[in-house]
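Q:
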Amino acid sequence: MSFFTTLFPQDDFALFGVILGMPLLGALVNGIWGKRLGKAAVRVMAVTTVVVSFVCSVIVLLALAHWVDATGHQEGGKTVHDHVRVTWTLWQWMHTNGGRSGGSIPIDVKFSVDALSAMMMLIITGIGSLIHLYATAYMAEDKSFHRFFCYLNLFIFAMLILVMADNLPVLFVGWEGVGLCSYLLIGFWYEKDANAAAGKKAFIANRVGDFGLLCAMFLLAHFTGALDWNGIESNAAQLVDPPVDALRIHLWPLGGGRYEGWASFLQPNNPLTISAATATGLALLLGCTGKSAQIPLYTWLPDAMAGPTPVSALIHAATMVTAGVYLVCRLHFVFLLSPFVMMVVALVGAFTAFYAATIALVQYDIKKVLAYSTVSQLGFMFLGVGVGAFSAGFFHVFTHAFFKACLFLGAGSVIHAMHKRVHDDDKAQDMRNMGGLRKYMPWTYRTFAVSTAAIIGVPFLSGFFSKDEIMYRAYIDRLSSPMFERLKHEGNAPFTPPAWIFTLLFAVAVAAATMTAFYMCRCFFLTFWGDFRGWTIGRPSLLAKIDEDEPGEEDLSIPAYPPHESPWQMTVPLIVLATGAAVAGILNMGLFHVTPIDHWLEPVFESASKAAVKENPSPSAGALLPFGLGAFVVGSYAAYYLYVERKGAAEQEYIKAATRFTQAMTGILFIAIGAVLWGVVPWAVGGYPRYIVCGGFGAIGAYLIMSYVYVGLDKLYDETAVSLIDALADTSAQFDRYFIDGVIAKLTAFVVAAAGTVLRAAQNGVVHLYAAIMVVGVAAIGWFFVIPHADASVAAKGSDFTVTTGASGGYLGYAFEWAQCEPDKKVWQKEWDAAMQVDDAKKRATEQRRVVEDLVAKHARCEAPGDKWTAVNKETVARDGTKDSFGDVPEITLHLEADSDAIVEEARPVRLRARNVFSPALRNYAASTTVYVPRPAKVTSIEVGQNQ
Amino acid sequence: MIPIEYYVALSAILFAVGGVGFLVRRNVLSVLMSIELMLNGVNLAFVAFNRAATHNHAGQLFAFFLIAAEAAEVAVGLAIVISLFRIKRTVRTDEADLLRN
Amino acid sequence: MSAASMIYFYVCAAMALGGAIWTVAARNPIRGAMGLMTTILAVAGLFLALHAHFLAAIQLIVYAGAIVVLFLFVIMLLGPSATSSRDHRGRITRTVSGGLFLVLSTAALYLVVRPSWNHAYKLPPYPSDFGTIDAMGRVLFTDYVVPFELSSALLMIAVVAAVAVARGKHKSDAVSGASREEPS
């Protein structure tokens, strides 16, 4: 290990280049030469690159552990470690301006790995390599074999960029990259329209979320003045502190204005503002709901099952959809600043878990069951991080990756076997055509069983420890921090969620867990137990033509060989993953207080554990255990009873009842949202908005329930947003055909032809005509350099600001004028003109000075109260026109003495006015520009010479 | 001593005369010679400024390379004149209108 | 000392200006070439006054000795048709552009000259080997060796280009006066 730590220092860990570069190399080689290289080479290339990345990730983990150990020190009787990051900087990408003082924010292409990222990297590369191996057998007969592995490797590359990024822009690159790969892989078999449409849906839903992430980036850059993790963490307090009205985001009235005149009915009694932390958190949440398929942007995930099963396993179970949870964990210090957002996150997670579970109850397609199960489990993860249990939520990511990937791969194995005989895609995945497969596919059966047991929470398997920990923490965690105490003292108490929310969360989580147990067991029993319903098993008749059947019309009564177990490339990953699903729980047994993963992630979530989360004196984990166990027992027994004992006889009634329940769920969801908004949001505004918003939600929900029409969220979107866009598109098409093509195109054609005839006269081929035109051009450029430009820049040094102009050949006179508001232009002009009429040069200088001072005095009402601007070097304010001013760069230094109570608002404009006194004819030629002199951020602590 | 501004002014005048000649004359050979004049003016300016800033020889060397480049230009330019004459039997610029339209 | 250098400067300047105007105004291109020669000689003299010995020598050798001679060769080759007849077509375009350029140049001249109207820029002392062949040679082959090599490449390209452009398609394509009388 010391070999690696000496070879790669902690701040220049170049092994990241190998980790990132190998999948990229694989993608490039497979994409460009894959077809020529042949399947064997593509297979080897793809799997090897990811395995190498995995080995290097393990090395990174060990090196990181080594460094973390080295920082161990005693604190309060326990050994604590520092938050260690291993970084690698590639190049400086760009920089932008932001933060309170408008300073420059450098954005580098920089990667950093800490405990959290290291775990994610292991998941991505480890499970990724298993899935790559699996896919070599699953996609063996596909004609675009190389393209598949190109995209798969590209996905690993993009995902690694996402988790290894050190700042938000680089993370965004990875974020978009995985969105792109998801689109490419979902629509892999693009010849079928449905697959392509599913890919588009995924990308567009992601995009809506990306808008949220971008807004969050802008807010963070503006308020904290940093975009990398270290910077945001150290400046995060600036999102809520100081709690002045000017720094909050004004929601209503929009932008902080006032509605006057005819719009005054819109003016609320108290303006509705939210803190910057809340706005950032909500924007980030929007991004995470898009990527991690939560309400309201989850609709792409079930459709994404149109892609090949390894894709579903990798992207939509283990890695991409957990990017949202990763982001929340990564920026946990921002989320913690706003209890409101934490509550929203937890509520969104809990409701999604419940809602998706209800939909999964009635699915027949095995992959759709697993897809909704993924959405539901992601809801659990969000619930976990929403109540402040970051490492518990993340541990669920870890275990979920194992058992969900195993479930998907198992489903793929089953589908692979079914496809041999049933060529129709939908029929091959329909559980009604399966059954009794435990006889024919033993290994798949065993691993699927273990993973199902894990997901439903059978005691001592991994899912038991992670899910029950989340449910426990949902019940007992409360958020508090020293900063909130201080704000409370100052009279700006942050939002406190009502106590019944936590009980509600716990109840919803238990209900979701029960339903999870039920539908997973249903899936398991329908697929593997009972009798095989697919086709007749027997020796295939040599006379029967099986393979030439039309898909969808094949005659499944013709006997064929039974479904067979999958090749070793598929079963070995299954076994590995199932073992992981079974034993991974050991890593974090909250119940028995043996929590190595919590300990490992402790430095990362320092602000969460130290300052933010305070637990209520409340029941111990053991007391709440019966609920979790009860959920599992009730759900699985119900499924067992329905499917095994009664042999699915009551299936029809069950489906009818469950379908009705699911249909009503959307309505209930809307009503629930309305109720929560009513009770929870601090409606400090005049009465109407509360009634309108909550009443609206309630009305929609009631309508949906009443009508029993299955208006799932999907169809709702279809009927509102999509049809709106369709109508818009229709209108545009008509407009385009008649107006644009008919009129505008003809008109522009005529204009262009006429202009061409005119311009052709200049192309007579005579050289000196061309030369003449060139001279005219040169003259124009020369004129541009001769006329005066008023160009100035500001250099700030504490409370002294130096305003400097650029030199130009055109002007010999200029003056500076400063005021906060726009002075009356006519007055300015007149006085300035009068001042410049004086012929005597000396007198002119004094005149200019007088004019400037007068203007300042006259417009004193525009100054901020208590502000006093003075010019330090007053003698350079006005220049004497007769002195040579070429080569001397004119500048003026302004000094600000500010009132200590003044609120920080906009910067102060300083106007530079330049005159051309080149010749009497050009005397009236003047130009003016305004530069903005920034004001120091914290007005009470100005020190001269300190750079703000 | 002669002030540098005199040299610079002289170079500007040379350049102006050459430029006017380039724009006014129609005989292509006169045009080429006017270009020479302009370049001479420029060279003079370079050397004059180098005299005003003697810490290195940049100005003179630049003039040196200008002479070289300009010699190349003249050679090729005159070759083009010969070709033009061969085709059109004239040295007048306004009859060299093969690029018309 | 000062008076001598003033006279020297004014004489060279007058020669340069006179030669320039002669070049531009002469109708016969051979007269124009003579004007060019005068200007070049005058400028070489000015180079000497500015302590650019190497450059003055190069100016004389390359400009006066090669380029003007090349001009004369081509003019002789073209023969009597080298002189263009007096013709007033396109006079307006040419006058306007020439006048505009003159105005621009005057304005630029004013911009340059006006700041130092009252006082002149003090010339700094020069090192003893300033502008000599020694110093220039040294710099040419150390700091500026890349442009040096590039310009030699440029000259070779120019030679090849000139030959290629002026050669024409047929070997028997004579230029002076004779029309092609080959049987088709």
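Same order as they appear, the protein sequences are chains G, C and W. Letter by letter, the first sequence follows residues 43 to 990 in this note's numbering. Letter by letter, the second sequence follows residues 14 to 114 in this note's numbering. Letter by letter, the third sequence follows residues -8 to 175 in this note's numbering. Note that CB positions come from ideal geometry on N, CA and C, so glycine has one too. Quick caveat: nothing in here was measured; it's all calculated off a predicted structure.
So what does DSSP say about glutamine 134 of chain G, is it helix, strand or coil?
A: Numbered from its first residue, the first sequence carries residue 134 of chain G at position 92. Strand at glutamine 134 of chain G.
Q: With a threshold of 8 Å, are at least 3 pairs of Cβ atoms found where one atom belongs to the stretch 386 to 405 of chain G and the other to the stretch 238 to 257 of chain G?
A: Output reads no: the stretch 238 to 257 of chain G does not touch the stretch 386 to 405 of chain G.
Q: How many Å lie between arginine 903 of chain G and glycine 140 of chain G at the Cα?
A: As a first step, residue 903 of chain G must be located in the first sequence, where it is residue number 861. As a first step, residue 140 of chain G must be located in the first sequence, where it is residue number 98. Because arginine 903 of chain G carries a pLDDT of 37, less than 50, the predicted location of this residue cannot be relied on, and the following value inherits that uncertainty. About 30 Å.
Q: Using only CA atoms, which one of G:Arg463, G:Trp75, G:Leu202 and G:Leu403 lies nearest to valine 60 of chain G?
A: By 1-based counting over the first sequence, the position of residue 60 of chain G is 18. Selected option, being the one with the closest Cα: G:Leu202.
Q: In the DSSP assignment, what residue or residues form a beta bridge with serine 154 of chain G?
A: Residue mapping note: residue 154 of chain G aligns to position 112 of the first sequence, counting from 1. Looking at the DSSP assignment, serine 154 of chain G forms a beta bridge with G:Thr129.
Q: From proline 540 of chain G to phenylalanine 382 of chain G, what distance separates their C-alpha atoms?
A: One-based indexing of the first sequence puts residue 540 of chain G at position 498. One-based indexing of the first sequence puts residue 382 of chain G at position 340. One C-alpha to the other measures close to 11 Å.
Q: Take phenylalanine 45 of chain G and list the residues in its own chain whose beta-carbon comes closer than 7 Å to its own, dropping the five residues that flank it on each side.
A: As a first step, residue 45 of chain G must be located in the first sequence, where it is residue number 3. Hits under 7 Å: none found.
Q: From the beta carbon of leucine 27 of chain C, is the nearest beta carbon of chain G less than 7 Å away?
A: Translated into the one-based positions of the second sequence, residue 27 of chain C becomes position 14. For leucine 27 of chain C, the answer is no, since every Cβ of chain G falls outside 7 Å of its Cβ.
Q: Would alanine 700 of chain G and leucine 412 of chain G qualify as a contact pair, given that the criterion is a beta-carbon distance under 7 Å?
A: For the purposes of this step, residue 700 of chain G is taken as the residue at position 658 of the first sequence. For the purposes of this step, residue 412 of chain G is taken as the residue at position 370 of the first sequence. No, the pair does not count as a contact, with Cβ atoms beyond the cut-off.
Q: Taking only three categories from DSSP, how would you classify glutamate 140 of chain W?
A: As a working mapping, residue 140 of chain W is identified with position 149 in the third sequence. Looking at glutamate 140 of chain W - three-state DSSP - the assignment turns out to be helix.
Q: In the stretch 16 to 50 of chain W, which residue ranges form an unbroken alpha helix (DSSP H) of at least 4 residues, counting only runs that do not cross its ends?
A: DSSP runs (the alpha helix (DSSP H)) wholly in the stretch 16 to 50 of chain W: 20 to 40 and 44 to 49.
Q: Would valine 59 of chain W and methionine 28 of chain W be called neighbours here (beta carbons separated by less than 7 Å)?
A: The count along the third sequence starts at 1 and reaches residue 59 of chain W at position 68. The count along the third sequence starts at 1 and reaches residue 28 of chain W at position 37. Yes; because the gap between Cβ atoms is below 7 Å, this pair is in contact.
Q: Where does glutamine 336 of chain G land, buried or exposed, given buried means 16+ other C-beta within 10 angstroms?
A: Here the question's residue 336 of chain G lines up with position 294 in the first sequence. Glutamine 336 of chain G comes out buried.
Q: Can you tell which of G:Val625, G:Pro615, G:Ile617 and G:Trp577 has its C-alpha closest to the C-alpha of proline 605 of chain G?
A: On the first sequence, residue 605 of chain G is found 563 positions in, with the first residue counted as 1. Closest option to proline 605 of chain G, Cα to Cα, is G:Trp577.
Q: Apart from the five residues on each side of it in sequence, which residues of its chain come closer than 7 Å, Cβ to Cβ, to leucine 425 of chain G?
A: Residue numbering aside, residue 425 of chain G sits at position 383 when the first sequence is read from its first letter. Ala388, Gly391, Ala392, Ala395, Ile512, Ala516, Leu547 and Ala551.
Q: Is there a Cβ from chain G that is less than 7 Å from the Cβ of serine 88 of chain W?
A: Looking up residue 88 of chain W in the third sequence gives position 97. Yes, serine 88 of chain W lies at the interface with chain G (some Cβ there is under 7 Å from its Cβ).
Q: Taking only beta-carbon positions, decide if leucine 51 of chain W is within less than 7 Å of chain C.
A: Stepping through the third sequence from its first residue, residue 51 of chain W is reached at position 60. It does not; no Cβ of chain C falls within 7 Å.
Q: Any beta carbon from chain C within less than 7 Å of phenylalanine 50 of chain G's own beta carbon?
A: In the first sequence, counting from the first residue as 1, residue 50 of chain G sits at position 8. Judged by the 7 Å Cβ criterion, phenylalanine 50 of chain G is not in contact with chain C.
Q: At least one CB of chain G closer than 7 Å to the CB of phenylalanine 92 of chain W: is that the case?
A: Taking the first residue of the third sequence as 1, we reach residue 92 of chain W at position 101. Yes, because at least one Cβ of chain G sits closer than 7 Å to the Cβ of phenylalanine 92 of chain W.
Q: Tell me, please, whether the CB atom of leucine 210 of chain G is closer than 7 Å to any CB atom in chain W?
A: Sequence index remark: in the first sequence, residue 210 of chain G carries index 168 (1-based). For leucine 210 of chain G, the answer is no, since every Cβ of chain W falls outside 7 Å of its Cβ.
Q: Suppose you measure from the CA of serine 996 of chain G to the CA of leucine 196 of chain G; what does that come to, to the nearest Å?
A: In the structure as shown, chain G starts at 43 and stops at 990, and residue 996 of chain G therefore has no counterpart that could be examined.
Q: Can tryptophan 825 of chain G be considered in contact with the ligand ADP, in the sense that its beta carbon sits closer than 6 Å to one or more heavy atoms?
A: In the structure shown, the ligand ADP is absent, as is every other ligand, since no ligand is present at all.
Q: Among residues of its own chain, excluding the 5 on either side of serine 24 of chain C, which ones have a beta-carbon nearer than 6 Å to its beta-carbon?
A: Taking the first residue of the second sequence as 1, we reach residue 24 of chain C at position 11. If we look at serine 24 of chain C and ignore the five residues flanking it on each side, its Cβ neighbours are Gly54, Leu57 and Ala58.
Q: Under the three-state reduction of DSSP, which class applies to histidine 188 of chain G: helix, strand or coil?
A: Position 146 of the first sequence, counted from the first residue, corresponds to residue 188 of chain G. Helix, per DSSP.
Q: At the 7 Å Cβ level, is methionine 46 of chain C part of the contact set with chain W, yes or no?
A: In the second sequence, the residue the question calls residue 46 of chain C occupies position 33. For methionine 46 of chain C, the answer is yes, since a Cβ of chain W falls inside 7 Å of its Cβ.
Q: Evaluate the contact criterion for the stretch 416 to 424 of chain G versus the stretch 149 to 159 of chain G: three or more CB pairs, one atom per stretch, below 8 Å.
A: Cβ pair count under 8 Å is below three, so no.
Q: Mind listing the chain G neighbours of phenylalanine 35 of chain C? Cutoff is C-beta to C-beta under 7 Å, in chain order.
A: Walking along the second sequence from the start, residue 35 of chain C turns up at place 22. Within chain G, the residues near phenylalanine 35 of chain C are Ala813.
Q: Where does asparagine 69 of chain C fall in DSSP's three states?
A: To locate residue 69 of chain C, count along the second sequence from 1; it is residue 56. Note: asparagine 69 of chain C maps to coil in three-state DSSP.
Q: Tell me whether the beta-carbon of alanine 24 of chain W lies closer than 7 Å to the beta-carbon of valine 89 of chain C.
A: Taking the third sequence and counting its residues from 1, the one referred to as residue 24 of chain W is at position 33. Taking the second sequence and counting its residues from 1, the one referred to as residue 89 of chain C is at position 76. No.
Q: What are the residues in the stretch 51 to 71 of chain W lying within 8 Å of chain C by C-beta distance?
A: Residues passing the 8 Å Cβ filter: Val53, Tyr54, Ala57, Ile58, Leu61, Phe62, Val65, Ile66, Leu68 and Leu69.
Q: Could you tell me whether the stretch 444 to 460 of chain G touches the stretch 482 to 500 of chain G, using the rule of 3 or more Cβ pairs below 8 Å?
A: With the cut-off at 8 Å, the stretch 444 to 460 of chain G and the stretch 482 to 500 of chain G touch.
Q: Grouping DSSP H, G and I as helix and E and B as strand, with all else coil, what is glycine 168 of chain W?
A: Position 177 of the third sequence, counting from 1, holds the residue named residue 168 of chain W. Note on glycine 168 of chain W: pLDDT 45, under 50, position unreliable in the model; no value is reported.
Q: I'd like the list of long-range same chain contacts for threonine 494 of chain G, defined as Cβ closer than 6 Å, with 5 residues on each side in sequence excluded.
A: The count along the first sequence starts at 1 and reaches residue 494 of chain G at position 452. Answer for threonine 494 of chain G: Met562 and Phe566, listed in chain order.
Q: Return the CA-CA distance between glycine 36 of chain W and alanine 43 of chain W, expressed in angstroms with no decimal places.
A: Within the third sequence, residue 36 of chain W is the residue found at index 45, counting from 1. Within the third sequence, residue 43 of chain W is the residue found at index 52, counting from 1. Whole-angstrom Cα-Cα distance: 10 Å.
Q: Short of 8 Å in beta carbon distance, which residues of its chain neighbour threonine 47 of chain G, apart from the five on each side in sequence? Order them along the chain.
A: Within the first sequence, the letter at position 5 stands for residue 47 of chain G. Ala105, His108 and Trp109, listed in sequence order.
Q: What did DSSP end up calling arginine 290 of chain G once you bin it into helix, strand or coil?
A: On the first sequence, residue 290 of chain G is found 248 positions in, with the first residue counted as 1. Correct three-state label for arginine 290 of chain G: coil.
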